[in-house]
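A.B. asks: Going by this note's numbering, 125 is the number at position 125 of the sequence shown; the sequence numbering is gapless. One structure follows; several queries about it will come next.
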Amino acid sequence: VEDDNFKYSLNSREELDKAKIKATFKDGINPETGEILPSVYIEEVETVNIKINGVSYSVPQGSTILEAVRYAGINIPTLCYLKDINEIGACRMCVVEVKGARSLVASCVYPVNEGMEVFTNTKRVLDSRKTTLELILSNHERKCLSCSRSNNCELQKLCLDLGVDDEFRYEGAKTKTEVDDSSMHLI
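Set out below in structure tokens:
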């Protein structure tokens with residue numbers, strides 16, 4: 001990737017992110033031949049300094065805590081997060097502790113700011129994730145042995161990771177759902 005001010009040889013999206021540049025890829029048209037040509041627009045990314053679990057990082061300004069933590073190579077579980085599609089913080093599995101915040105925050109929607117201190121693995125955070133997962137399971141069908149996603153299921157993986165082994169802890173009424181088969185693309 002190069003332009004008048006920069007020259008980079010990058011092999012992956014991860015390398016592009018770590019180079020602290022932003023590349024926008026757009027197709028252009030050669031006015032003489034009509035040929036479609038790929039174009040790359042490069043700009044330096046402003047960064048902020050934060051601490052994650054006591055380690056200092058410089059991360060892209062405007063990113064969420066989840067993006068910053070992943071940039072640092074730390075895993076935070078998510079169930080509802082789909083970048084640019086569904087960033088609502090509804091499942092609460094990605095909660096983290098932020099120094100000075102009144103409560104745990106959903107890392108997928110909480111933006112980073114200069115000097116922020118984030119803790120991803122405190123007892124409070126892990127207990128909250130475990131309780132949230134147990135509550136999700138309380139309204140789950142629990143047909144894991146016959147489920148087509150068995151052994152390829154984020155919910156099962158989280159249960160193993162967080163030590164959830166009592167799927168009946170919050171036993172109660174389940175929400176009744178019906179299959180919407182009004183259109184073939186929904187089935």
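Heads up, the beta-carbon is just placed ideally off N, CA and C, and yes, glycines get one too.
1) So who's on the other strand from Asn49, going by DSSP bridges?
2) Would you kindly check if the distance between the Cβ of Val112 and the Cβ of Val105 is under 9 Å?
3) Determine the closest residue to Val118 out of Arg149, Cys91, Gly54, with distance taken between C-alpha atoms.
4) Below 8 Å on the Cβ atoms is my guess for Met93 versus Arg129; work out the distance and round it to an integer in Å.
5) Looking at Leu162: is its Cβ nearer than 9 Å to the Cβ of Leu133?
6) Could you have a look at Glu97 and say whether DSSP puts it in helix, strand or coil?
7) In the DSSP assignment, find the unbroken beta strand (DSSP E) run with Glu67 in it and report its ends.
8) Spatial neighbours of Met184 within its chain, please: CB distance less than 7 Å, with the 5 preceding and 5 following residues excluded, ordered by chain position.
9) When DSSP labels each residue in this structure, what does Val105 get in the three-state scheme?
10) Here's a check: name, in chain order, each residue in its chain whose Cβ is nearer than 8 Å to the Cβ of Val164, leaving out the five neighbours to either side.
11) What's the call for Val59, buried or exposed, on a 16-neighbour Cβ count within 10 Å?
12) How many angstroms separate the CA atom of Gly62 from the CA atom of Ala90?
C.D. replies: Reading from the atomic positions:
1) Counting from one through the sequence shown, the residue named residue 49 turns up at place 49. DSSP, once it has assigned bridges, lists Ser58 as partnering Asn49.
2) The residue given as residue 105 occupies position 105 in the sequence shown. The residue given as residue 112 occupies position 112 in the sequence shown. Cβ atoms of Val105 and Val112: not closer than 9 Å.
3) Walking along the sequence shown from the start, residue 118 turns up at place 118. Comparing Cα-Cα distances from Val118 to each of Arg149, Cys91, Gly54, the minimum goes to Gly54.
4) Stepping through the sequence shown from its first residue, residue 93 is reached at position 93. Stepping through the sequence shown from its first residue, residue 129 is reached at position 129. Indeed they touch by this definition, with Cβ atoms about 6 Å apart.
5) One-based indexing of the sequence shown puts residue 162 at position 162. One-based indexing of the sequence shown puts residue 133 at position 133. Yes.
6) Locating residue 97 in the sequence shown gives position 97, counting from the first residue. The answer is strand: DSSP assigns Glu97 an E or B state.
7) In the sequence shown, residue 67 corresponds to position 67, counting from 1. Note, Glu67: premise wrong, no beta strand (DSSP E); alpha helix (DSSP H) at 65-71.
8) In the sequence shown, the residue the question calls residue 184 occupies position 184. Closer than 7 Å at Cβ, skipping near neighbours: no residue.
9) The residue you call residue 105 lines up with position 105 of the sequence shown. Correct three-state label for Val105: strand.
10) On the sequence shown, residue 164 is found 164 positions in, with the first residue counted as 1. Closer than 8 Å at Cβ, skipping near neighbours: Lys130, Leu133, Glu134, Leu137, Leu158.
11) Taking the sequence shown and counting its residues from 1, one reaches residue 59 at position 59. The residue in question, Val59, is buried, as its Cβ has 16 or more Cβ neighbours within 10 Å.
12) For the purposes of this step, residue 62 is taken as residue 62 along the sequence shown, with counting starting at 1. For the purposes of this step, residue 90 is taken as residue 90 along the sequence shown, with counting starting at 1. Straight-line Cα distance between these residues: approximately 21 Å.
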